[in-house]
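All remarks here apply to the structure that follows.
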Amino acid sequence: MEIRKLTPEGSAQSKKKRVCAYIRVSSDKEAQLDSLENQEAYFIRKYAQETGCEFVGIYSDVGISGTSENRPAFQEMLNACMCGEIDLIHTKSISRFARNTVTVLEVSRQLKSLGIGIYFEEQDINTMSAEGELMLTVLASFAQEESYNISENQKWAIQKKFARGDVMINTNRFLGYDKDKDGNLIINEKEAEIVRMIFRMYLGGDGTFRIAKKLNELGIPTVTGKQWHETTIRGMLKNEKYKGDCLLQKYYVPKVGGATVANDGKVQSYYITGNHEAIIPKEEWDAVQRLRKERAEERNIDTKNTQKFKNRYPLSGKLICPYCGKHLRRLYAYKKYVWACSTYIDKGKKVCRGIRIPECVTDEWTIDEPVVVREEVNADGEKYYSYSSQQESDGRNSGKERNTQNPNGSVLPGVYRPRRTVIKL
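Be aware that the sequence shown starts at 4, since it is given in my numbering, and climbs by one per residue.
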């Protein structure tokens with residue numbers, strides 16, 4: 004007697020495994036792009052001959068480090084996995100997938116729990132196999148150490164350039180200058196006139212908020228073509244490059260894959276005097292710095308003490324915009340001090356219609372906890388202002404940017420469509 008096991012048509016066992024490929028190059032240089040094309044061609048040829056699986060495509064990231072999780076194609080691939088569109092990820096090696104041991108292990112474990120495997124061809128590891136995770140842990144550690152060594156070598160090379168006085172500036176994001184064929188900074192007269200106007204306006208009594216507002220009203224774009232914000236103006240006013248000097252190593256990355264932070268003396272920096280032609284005369288630049296210091300002292304701002312900066316006024320952090328739920332900030336506008344929505348100040352009325360309350364009104368209020376403020380008009384056309392506790396307001400309003408809260412104050416999780424779900428590490 005012969006017994007044969009028949010698999011029903013359309014069952015899970017007869018369904019072809021859906022396979023995708025993931026490839027990455029860390030820069031957009033010609034040699035790396037050629038490597039990307041080679042990787043793509045390899046996977047296309049390989050799966051054109053495969054009949055036992057369904058090839059669903061290639062996800063590729065260009066010019067992004069494997070230590071970073073902000074990789075568009077990488078996240079898109081994980082989203083597809085979460086939506087049940089992929090059964091196996093095929094990549095050439097662990098280092099192409101990620102150079103961070105934690106990333107490799109956490110992603111592989113999350114996908115494994117969904118029945119999705121990762122095949123690392125160079126190491127011949129499939130995460131769905133019994134011995135896969137042990138081997139993966141060891142090899143991923145080597146990949147991370149290699150990434151650390153590469154990062155340290157790059158830092159060393161950059162510091163040597165700085166020590167020689169080699170300037171590294173991206174003029175695509177720096178208003179007022181271009182580069183000649185030798186890489187030297189040269190003045191862009193059209194942009195330089197905007198820089199001169201900003202310095203003149205500041206010395207003429209305008210604050211950074213009013214300068215940004217006037218530039219937006221005049222339709223003058225930033226170097227990236229976006230709206231002006233007071234933070235952009237502040238950065239320009241203190242930039243030594245506009246007087247012809249150059250401070251090297253203003254920022255640094257403290258660890259592999261970490262965020263860039265301001266250099267507070269922990270890393271060697273270099274100051275070059277007269278590096279290039281100045282847009283702003285030294286005397287005028289120095290006058291702006293003295294004025295910045297005077298205004299900061301008048302407003303009791305200590306830029307090195309973040310907590311003091313946040314709490315320098317009795318109502319700091321206590322007034323909340325009824326439309327977006329962000330805090331109001333104190334600023335000097337139209338010859339008086341007002342409290343205005345921080346979202347409106349930074350991003351404009353397209354993001355939040357904003358609210359502005361004269362300080363002479365808030366001086367009469369006694370507030371001990373965060374409150375939501377409102378500006379209304381009565382039947383006679385007169386403005387009046389009111390406030391209510393944040394808890395009461397949360398029960399009545401539904402601002403788009405405000406988090407919904409439980410009665411106990413805890414934040415409720417947002418509701419997202421499955422297609423937008425991202426594996427967060």
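Don't be surprised by glycine CBs; every beta carbon is placed ideally from N, CA and C. Nothing here was measured: the structure is a model prediction, and the numbers come from that model.
Pick from E40, V65, N73, A83 that is closest to V59, judged by C-alpha positions: To locate residue 59, count along the sequence shown from 1; it is residue 56. Minimum Cα distance to V59 is reached at A83.
Given E395, which residues of its chain have a CB within under 6 Å of its CB, disregarding the five upstream and five downstream residues? Residue numbering aside, residue 395 sits at position 392 when the sequence shown is read from its first letter. Only weak support exists for where E395 lies, its pLDDT of 49 falling under 50; the coordinates are left without a value.
Can you tell me whether D371 is helix, strand or coil according to DSSP? Taking the first residue of the sequence shown as 1, we reach residue 371 at position 368. D371 falls in the coil class under three-state DSSP.
Can you say whether V28 is buried or exposed, counting buried as having 16 or more other CB atoms within 10 angstroms of its CB? Within the sequence shown, residue 28 is the residue found at index 25, counting from 1. It is buried - the Cβ of V28 has at least 16 other Cβ atoms within 10 Å.
Are the region 198 to 214 and the region 238 to 249 touching, with three or more C-beta to C-beta distances below 8 Å? yes
Using the three-state DSSP reduction, which class does E385 fall into: helix, strand or coil? For this step, residue 385 is matched to residue 382 along the sequence shown. Note: E385 maps to coil in three-state DSSP.
Option nearest H232 by Cα separation, candidates Y347, S392, K193, I189: In the sequence shown, residue 232 corresponds to position 229, counting from 1. Nearest of Y347, S392, K193, I189 to H232, Cα basis: Y347.
Classification of Q126 by the beta-carbon crowding that lies within 10 angstroms, buried from 16 upward: Your numbering for residue 126 matches position 123 in the sequence shown. The residue is buried, with at least 16 neighbouring Cβ atoms inside 10 Å.
Is the separation between the beta-carbon of R356 and that of A343 shorter than 8 Å? For the purposes of this step, residue 356 is taken as the residue at position 353 of the sequence shown. For the purposes of this step, residue 343 is taken as the residue at position 340 of the sequence shown. No, they are not a contact pair.
Please report the distance separating the alpha-carbon of Q52 from that of Q42. Looking up residue 52 in the sequence shown gives position 49. Looking up residue 42 in the sequence shown gives position 39. Roughly 16 Å between the two C-alpha positions.
Following the continuous alpha helix (DSSP H) through S63, name the residue where it begins and the one where it ends. Counting from one through the sequence shown, the residue named residue 63 turns up at place 60. S63 -> not in any alpha helix (DSSP H); beta strand (DSSP E) instead, spanning 56 to 65.
For the alpha helix (DSSP H) that contains I348, what are its first and last residues? Here residue 348 refers to the residue found at position 345 of the sequence shown. Per DSSP, I348 belongs to the alpha helix (DSSP H) from 345 to 350.
C-beta atoms of V364 and L322 nearer than 8 Å: Counting from 1 along the sequence shown, the entry for residue 364 is found at position 361. Counting from 1 along the sequence shown, the entry for residue 322 is found at position 319. The answer is no: Cβ separation not under 8 Å.
My output table needs one value for S392: the three-state DSSP class, helix, strand or coil. Taking the sequence shown and counting its residues from 1, the one referred to as residue 392 is at position 389. Strand, per DSSP.
L251 lies in the beta strand (DSSP E); which residues open and close that run? Counting from one through the sequence shown, the residue named residue 251 turns up at place 248. Where L251 is concerned, the enclosing beta strand (DSSP E) stretches over 249 to 251.
Comparing C-alpha positions only, which one of N191, I92, H330, I190 sits nearest to I128? For the purposes of this step, residue 128 is identified with residue 125 of the sequence shown, where counting begins at 1. Answer by Cα proximity: I92.
Run through the DSSP bridge pairs and tell me what V354 is partnered with. Working through the sequence shown from its first residue, we reach residue 354 at position 351. V354 is not bridged to any residue.
What separation, rounded to the nearest whole angstrom, lies between the Cα atoms of T225 and I190? Sequence index remark: in the sequence shown, residue 225 carries index 222 (1-based). Sequence index remark: in the sequence shown, residue 190 carries index 187 (1-based). Going from the Cα of T225 to the Cα of I190 covers about 16 Å.
Which of helix, strand or coil DSSP assigns to I197: One-based indexing of the sequence shown puts residue 197 at position 194. DSSP places I197 in helix when its eight states are reduced to three.
CA-CA distance, E379 and K386? Taking the first residue of the sequence shown as 1, we reach residue 379 at position 376. Taking the first residue of the sequence shown as 1, we reach residue 386 at position 383. Straight-line Cα distance between these residues: approximately 6 Å.
For A265, does the count of other Cβ atoms within 10 angstroms reach 16, so buried, or fall short, so exposed? By 1-based counting over the sequence shown, the position of residue 265 is 262. Exposed, because fewer than 16 other Cβ atoms sit within 10 Å of the Cβ of A265.
For W288, I'd like the list of residues in its chain whose CB is within less than 7 Å of its CB, leaving aside the five on either flank, ordered along the chain. On the sequence shown, position 285 is the one that residue 288 refers to. The residues are Y245, K246.
Can you round the beta-carbon distance between K95 and E124 to whole angstroms, since I take them to be within the 8 Å contact cut? On the sequence shown, position 92 is the one that residue 95 refers to. On the sequence shown, position 121 is the one that residue 124 refers to. About 5 Å; that satisfies the 8 Å criterion.
Considering only C-alpha positions, which residue in the set Y273, Y316, E196, S319 is nearest to I283? Looking up residue 283 in the sequence shown gives position 280. Checking every option, the nearest Cα to that of I283 belongs to E196.
Can you give me the Cβ contacts of L294 inside the same chain, cut-off strictly under 8 Å, excluding the 5 residues immediately before and after it? The residue you call residue 294 lines up with position 291 of the sequence shown. Y205, L206, listed in sequence order.
Just to confirm my understanding: we take G120, look at its own chain, exclude 5 residues before and 5 after, and list those with CB closer than 6 Å. What are they? For the purposes of this step, residue 120 is identified with residue 117 of the sequence shown, where counting begins at 1. Taken in chain order, the residues that qualify are L91, N129, T130, M131.
CA-CA distance, I26 and F100? Within the sequence shown, the letter at position 23 stands for residue 26. Within the sequence shown, the letter at position 97 stands for residue 100. Rounded to the nearest angstrom, the two C-alpha atoms are 7 Å apart.
To the nearest angstrom, report how far apart V341 and R333 are at their CA atoms. For this step, residue 341 is matched to residue 338 along the sequence shown. For this step, residue 333 is matched to residue 330 along the sequence shown. Their Cα atoms are separated by approximately 6 Å.
Residue nearest to K352 in terms of C-alpha spacing, selected from I275, S116, D383, Q230: Stepping through the sequence shown from its first residue, residue 352 is reached at position 349. Answer by Cα proximity: Q230.
Residue from S98, S392, I89, M138 with nearest C-alpha to G118: Indexing the sequence shown from 1 puts residue 118 at position 115. Among S98, S392, I89, M138, the Cα nearest to that of G118 belongs to I89.
Buried or exposed, going by whether 16 or more other CB atoms sit within 10 Å of the CB of G328? For this step, residue 328 is matched to residue 325 along the sequence shown. The residue is buried, with at least 16 neighbouring Cβ atoms inside 10 Å.
On the criterion of 16 or more Cβ atoms from any shown chain inside 10 Å, does N381 qualify as buried, or is it exposed? The count along the sequence shown starts at 1 and reaches residue 381 at position 378. N381 should be labelled exposed.
Start and end residues, beta strand (DSSP E) containing C84: Indexing the sequence shown from 1 puts residue 84 at position 81. Counting along the chain, C84 falls outside any beta strand (DSSP E), though it belongs to the alpha helix (DSSP H) covering 75 to 85.
Starting from the Cα of E286, find the closest Cα among C86, K18, R203 and give me that residue. Here residue 286 is taken as the residue at index 283 of the sequence shown, counted from 1. That would be R203, whose Cα lies nearest to the Cα of E286.
Return the Cβ separation of V65 and L39 in integer angstroms, given the expectation that the two are a contact with Cβ distance under 8 Å. For the purposes of this step, residue 65 is identified with residue 62 of the sequence shown, where counting begins at 1. For the purposes of this step, residue 39 is identified with residue 36 of the sequence shown, where counting begins at 1. Confirmed, Cβ separation roughly 6 Å.
Look up G135 in the DSSP assignment and say whether it is helix, strand or coil. In the sequence shown, counting from the first residue as 1, residue 135 sits at position 132. Here G135 sits in helix by DSSP.
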